[in-house]
Each structure stands twice: as structure tokens, then as C-alpha cells.
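Chains as they are written, first to last, in this note's numbering: chain A, 7 to 351; chain B, 7 to 351. Yeah, the Cβ is synthetic: ideal placement off N, Cα and C, and Gly gets one too. In what follows, a structure is listed as C-alpha cells, so that the remarks can point back to it.
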């Protein structure tokens, strides 16, 4: 089966057209399976394509000149679903003109538009935003929800666990991903009633394609000791941003330490391959591409500040989810378990 | 005024007596103002004191042989308040036999015992756990609550802001510390209703000894752009641990990068002073000493895994709070504002 083409919101993100087109072109240079529907200002997309002759036969342009602003309220953005690059990229998935959509625009607006156009999967209460985070091991860890749902009940958390496990099987190849709930301690009595009820349901459930291993504290997120970390969108957003900030804090300190004396500058130059390795491992572009799980369609959010390499990774995430049929995997797993019975609404 | 002596729970923490006594001795070597009430097994304390002749005239031993375990439930620990080293150290503050207590034991148990013995300040709904975190600037940032209260309403958050500002004035010397609420975005509409109501109250209030500057996201905690960060105990615990974990993750990566080749090993040796500087800045022992704010007495929690330097820092935090009369500062600020009027209960 050939890969369906991917709709790219060419206007979203901090740098817009240039980076989005360059990212798509980079993905295609890595693998020629990619075809694109580039949505946005035709003249600017054409200008950007001139630098990437390989893209000409592989991409179609869908013109529109309206863009969702980065600070626009989702409710306002929704009214322009049919006239904006973000809205039309998502709509292309709904209409079957593309297999998946990638956007680097406003997360809240993208979520709202995707929910409205693609609808939440039957049997599921709410979609969630999932991302891959680096660990000390070779495998990334999947964390969800990262901000799509501010408050989550036990049933939401159980469904997120099932979706996260389906995603993890694709990413890690593990038959039974190790799943944990984010909490402020590992004892059974820790955390909110919703977290405790979700843990109880996951422990009691049979037929789940995962090993539920209890709670994980936020200092263990990057240890690589589990494959999926489940949390409400508020905590997930706090944890994710705290990690990003702390990693930048340490590397900023490192940079100033390395330039504090001639001796340390020399040391830095000598050990450059080592610090490059560190930079590579921590570069958010290498882990770019958060996924809205639980919709009837694949939508990937690229970070607003991602460079072309980051956009290419987001495009590759979308391709992988299509190739491994994430939607049917989640539908199947939700059906197997029947979360109706797991946690009463 | 001479510094009142400090009660040290000599039995708490991962390593117990040896580290606690060594930490107290180290604080005293730095400054001879310190006197101690060492609470715990007399024979073991005496043995530990043999290595620190300077401590003999400066410390009294209060014998007891019961210890609160690290995983003990607070409710169970409370029943042994009169027989354990932790309980007796806190009780010494209540009885006026010591000015402050320092313990490296079980946080939940210490909080419960401190609340029961010292009681919450009049006019305050709940105490909070506050800690100093490193930033890119010379000043540390104060964050609270870090786990004493899982759920917090708007009124709690406003009171935490007032207490955090009082603490920050002592630490940074700023007349009007810059205070922010931790949130998942900086727009007014972000976050829970309680966070929004707290922000509204802090914006509207007059007579607060602080500049309230809105929301801060978790990736900015260590930037040094504000002096006090206020949050509920669940989010605070998640953020704090995520930062600790990410900092360790980066330094672990750095270590493995630096030992990945002979060249990088040499680079590491040459640049050692730089990496030592980094280690020093990130060493949690240099920021050790979380404070329970809002009680009628000073209680400082030393990290369970802190070394002697960390314990000495916790002892110095206790001394500083006594010298600068944190209790009366908080009482005064709470009285000035009358939080009754700020946010309706």
C-alpha cells in the first residue's frame, strides 16, 4: 500500500512557509514515499518550492490566504475553519484528500478544529495530545495528555493509557508496553481520587495490551523505565515544560561554564564531539511531532519553533502512524476492553 | 540578640546520625553562633560527636530511641509524636526549648507533626512547603506549595503568595518581590478557576508587599525572571521533581558523552573546572532546606539524601528565618491584607 499524501499547513509556526516546505522536502529526500498537499499562500509556497526541485511532482498546492494567529482563541479560530490553512489541512483529512495533517500553528486551535472536523472516536470520551520524550535508553517514552484536557477523570485516564499503549507498540515494537500514571508518590494512597480510581481500574482490567506498573514520579520521566506515562493535561503540560526548561537551564549553565576561562574553552573544543552528542540527544527537533490521539484521523502538531529537521520528523511521525494504522489499533483496543465497564462514568 | 538553639532530628534521613551531626558541626564551623539540641539515640549521637570536638560545648542531647520510618503514614506517625526523634524535635520548638527544628525524615509525617504541635497561624487556612531553586541569576527563586496541600483553592494560593513574598524579602533583600502563579499559559483565560480567581485577587489587592506579575509557565521556573512562584502542592511537586529529573538526565547524558572517546575524556579533564562549576551550581545540597511556612514556629525539611553540606545549609536556612523573624513578617503581611476580603471562602 502506498502512503497517502500528507496535508501540510504551510502557514503555521514561527517561520511559516519556508521552514514548513523545507521540512517536507527534507522528509522526501530521506524517503521518496512522501507526497504532499501544501495548504497556504500559493505564491509564497511556489517561491519556497523553487529551492526544492524534488518536490515538484510530489506536491499539490491548495491556496488560501487566511492564517490562524498564534495567540488566537480556539473559539474564534473555529469560525474560520473553511478559509484558513490550518482548517483546510484538517478538512483535507476529513474529505479523504489527504491521509494525515501536520501543522505548526496554535495548538488549541488545531485541537478544536481537528475535533470538530474529524470527531472523537466512538466509545472514547476525549482525545489527548501525546508526545515522544527522550530517555537514557534507546527508546523514547510517550507521555499524554499534554494539554488538550485541563481536567481529566479516571475514565479519561484509562482511555489515555489504552491509546498511549497502542502508540507505543508502534514506536517501540513492544507487545506489552509498560504503562504508568504520573503521580506525586508511588504509594497507592498518593494523588487525587481520579488517579487512584484509574490505577485501580487498570490493575483490575484483563485483556489490556499493556503491563500497567502503577505510578511514576516526575523525576523518573526520562529514565526509560516505562514506555507510556499517563496524566491529565494540566500536570502533563507542567511536567513537559519543566523538563524543557530544566534541560535548557543546564545547557545554558554548561555554555557559560565552558566559556568562563581559556582552559575551559580549550577543553570545550577538544571535547566538542561529546557536547555535540549531547546537543543532538536533547535537540527538541529530534523528538518533534506531538499527536492528537483519539480522533477519526491523524493530526500531528509540529512545535512552533521547530526547524526544517523538526518539521521533517513531524511528517515522519504522521507517516508512521498511517503505515501502522494507529486508528484501527486504538479502535480495536478500546473495543476489546470496553471501558464502559472499567470505570463508571 | 543571640541565635536560639536549633533542634536537630538526628535520626531522620537516609544516613541518619552521622550525616545530621556532621552537618550541624559543619554549620558551626562556618559560624560559631550555632547551638544545638540533638534529638535521638544518645549513644550513637555521642559516638558521632567524637569526630567534632567543637560541638561539645554547643550541643545538648535529648535521648529517644524511636524513629519515624521513611514510608510511614503521617496518621500513624502522629501517634508517636512524644516518643520519636522527629516528634521531640518539633515539640522542643513548641515548648520554647529550641527556636527551630530541622529534620531529614518523612516529609508527610514532619508536616503532620508540625501542624499538630505548632498549629497554623491565626488568619491562615493552610501552611505550605516552600523551597529555594537555582536560577540563571545570582538569586534563587522560591516556589510553594511543593506538596503539603494536594488541592488548593484561590484563597490558599493568595496566602501562599503572601508567605512566599515574606520569605523572598529575607532571601533576596528585594522590598517588593516579583510574584507569579504557575500556569499552563500566560493568557488570563488559562488554567483552573482557582488559579484565575487567585490572579484576579492578587491583581486587585492593594497594600501587598509584592509585585504580582501574572502567570509563569513551567519552562521559565529557573530563568530568574521572578522571585516567588505559587502553585498547588500537586503541580508544585510535579514541577519540582520534573526539574530534578531533567537536570539529572542532562548531566547523565553529559557524563556518558564525556566518556565516549579518549578525545572527549581528555577534553573533560582539561575543562574540569567548568564542569565542577556546573556541578556546584546544580548540586541540590547547595539549595537544601525546604521550609514549612505558616506555622507558629520554624520547621525546616532537609532532603533525605542530603550530605553534611546539605544539612548545614538546611541549618543555616533555619537560622536565617529566625534572625529575620519570618513568623512576625508573615503575621504582619497577612494582617495588612486581610485575606478574608481578598477571596471569599
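Buried is the label assigned to residue 335/B, since at least 16 other Cβ atoms lie within 10 Å of its Cβ. As a beta-bridge residue in DSSP terms, residue 149/A pairs with 137/A and 235/A. In the structure shown, the three-state DSSP call for residue 72/B is strand.
Below 8 Å, too few C-beta pairs join the region 193-202 of chain B and the region 134-152 of chain B to call them touching: fewer than three.
Within the same chain, and ignoring the five residues on either side of residue 39/A in sequence, the residues whose Cβ sits closer than 6 Å to its Cβ are 9. Cβ neighbours of residue 311/A within its own chain (closer than 6 Å, five residues either side excluded): 20.
The Cβ of residue 85/B sits no closer than 8 Å to any Cβ of chain A. In this structure, DSSP gives residue 219/B an extended state, which the three-state scheme calls strand.
Residue 319/B holds the alpha-carbon nearest to the alpha-carbon of residue 36/B among 319/B, 113/B and 214/B. In terms of Cα proximity to residue 67/B, the closest of 97/B, 131/B, 14/B and 74/B is 14/B.
At a C-beta separation below 8 Å, residue 241/A has these neighbours in chain B: 240, 241 and 244.
The alpha carbon of residue 98/B has as its nearest neighbour, out of 208/B, 69/B and 190/B, the alpha carbon of 69/B. Between residue 109/B and residue 92/B, the CB-CB gap stays under 8 Å. Within the region 163-196 of chain A, the residues whose Cβ lies closer than 8 Å to some Cβ of chain B are 188, 190, 193 and 195, listed in chain order. Residue 337/B and residue 44/B have their C-alpha atoms some 29 Å from each other. When beta bridges are read from the DSSP output, residue 299/A appears opposite 134/A.
Less than 8 Å divides the Cβ of residue 297/A from the Cβ of residue 327/A. Ranking 300/B, 123/B and 291/B by CA distance to the CA of residue 154/B puts 300/B first. The Cβ atoms of residue 105/A and residue 11/A lie closer than 8 Å to each other.
Residues of chain A whose Cβ lies closer than 7 Å to the Cβ of residue 200/B do not exist, since the nearest Cβ in that chain is about 11 Å away. Our two residues, residue 332/B and residue 172/B, have alpha carbons roughly 7 Å apart in a direct line. Interface residue (Cβ-Cβ distance to chain A less than 8 Å): residue 258/B is classified as such. Checking the DSSP bridge columns, you'll see residue 44/A partnered with 14/A and 67/A. Chain B has a Cβ within less than 8 Å of the Cβ of residue 156/A. Interface annotation, residue 223/A: in contact with chain B, CB-CB separation under 8 Å. Every unbroken stretch of the beta strand (DSSP E) spanning 3 or more residues and falling wholly within the region 164-228 of chain B is given here in chain order: 184-188 and 217-222. Counting only the Cα atoms, residue 258/A lies some 12 Å from residue 285/A.
Distances from the alpha-carbon of residue 130/A to those of 103/A, 163/A, 113/A and 144/A put 163/A closest. The three-state reading of DSSP puts residue 115/A in helix, counting H, G and I together. When the five nearest sequence neighbours on each side are left out, the beta carbons in the same chain lying within less than 7 Å of the beta carbon of residue 224/A are those of 188 and 245, in order along the chain.
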